[in-house]
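Taken in order, these protein sequences are the chains called Y and P. Each residue of the first sequence is one higher than the one before, counting from 1 in the working numbering. Each residue of the second sequence is one higher than the one before, counting from 1 in the working numbering. Everything below concerns the one structure shown next.
2 protein chains.
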Amino acid sequence: MINRLKELRARHDMTQEELAEKVGVSRQTIVAIEKQKYDPSLSLAFKLAKCFGARIEDIFEEE
Amino acid sequence: MINRLKELRARHDMTQEELAEKVGVSRQTIVAIEKQKYDPSLSLAFKLAKCFGARIEDIFEEE
DNA sequence: ACAAAAAGTAAAGTATACTTTACATTGATG
DNA sequence: CATCAATGTAAAGTATACTTTACTTTTTGT
Numbered sequence: 001m002i003n004r005l006k007e008l009r010a011r012h013d014m015t016q017e018e019l020a021e022k023v024g025v026s027r028q029t030i031v032a033i034e035k036q037k038y039d040p041s042l043s044l045a046f047k048l049a050k051c052f053g054a055r056i057e058d059i060f061e062e063e
Numbered sequence: 001m002i003n004r005l006k007e008l009r010a011r012h013d014m015t016q017e018e019l020a021e022k023v024g025v026s027r028q029t030i031v032a033i034e035k036q037k038y039d040p041s042l043s044l045a046f047k048l049a050k051c052f053g054a055r056i057e058d059i060f061e062e063e
């Protein structure tokens with residue numbers, strides 16, 4: 001699974017901290033996902049998509 | 001999070017066993033998700049969506 | 001009604017997602 | 001170049017997703 005989280009966050013001009021707060025997780029979770037350490041839960045993926053006004057498929061892509 | 005997995009599986013006339021095999025998980029995982037015991041991982045959600053020719057948002061819905 | 005297939009339940013174990021804390025590195029600005 | 005904000009790294013702990021095994025209940029077909 002690859003994701004465009006970092007890219008989208010940059011485009012929306014947000015810090016990791018701001019994004020984390022907005023979707024209700026810790027900053028470390030954002031770091032881990034951006035660094036591709038693991039994939040978000042489905043619930044978090046929904047929140048991230050909503051936050052960026054995108055669809056899950058626009059942010060995450062199965063290999 | 002609510003899901004229409006059972007409904008979609010019925011519509012596609014598949015058993016839990018068949019679906020489980022097709023998306024590469026155990027039957028118990030399918031049971032648990034249909035019974036709303038927990039949500040699938042993002043990766044499994046993608047596979048289920050693909051299997052039914054639907055979008056993730058068509059199968060799963062955030063509350 | 002009976003047998004077989006499908007679905008449901010339960011429990012113990014493993015893997016992954018997420019938290020918290022703490023510290024190190026990078027990058028921008030005075 | 002010094003400082004502070006932002007980002008990165010690491011490690012130990014908790015919660016949730018998933019597996020495996022085994023057994024019970026429900027549904028379906030003859």
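Glycine is no exception: its CB is placed at the ideal position from the N, C-alpha and C atoms.
At least one beta carbon of chain Y lies nearer than 9 Å to the beta carbon of P/A45.
Residues R27, I30 and V31 of the same chain have their beta carbon placed closer than 7 Å to that of P/Q16, with the five preceding and five following residues left out of the count. Counting along the chain, the unbroken alpha helix (DSSP H) around P/D58 starts and ends at I56 to I59. For the 9 Å CB-CB criterion, Y/L19 and Y/I59 do not form a contact. Bridge partners of Y/S41 according to DSSP: P/S41.
The criterion of a C-beta distance shorter than 9 Å is not satisfied by Y/D13 and P/S43. Closest in C-alpha terms to Y/E21, from the list Y/L48, Y/Q36 and Y/E7, comes Y/L48. A distance below 6 Å between beta-carbons, with the five flanking residues on each side excluded, links Y/I2 to the following residues of its chain, in chain order: E61. When the Cα atoms are used, P/V23 and P/R55 turn out to be separated by approximately 15 Å.
If you draw a straight line from the Cα of P/E34 to the Cα of Y/G53, it is about 28 Å long.
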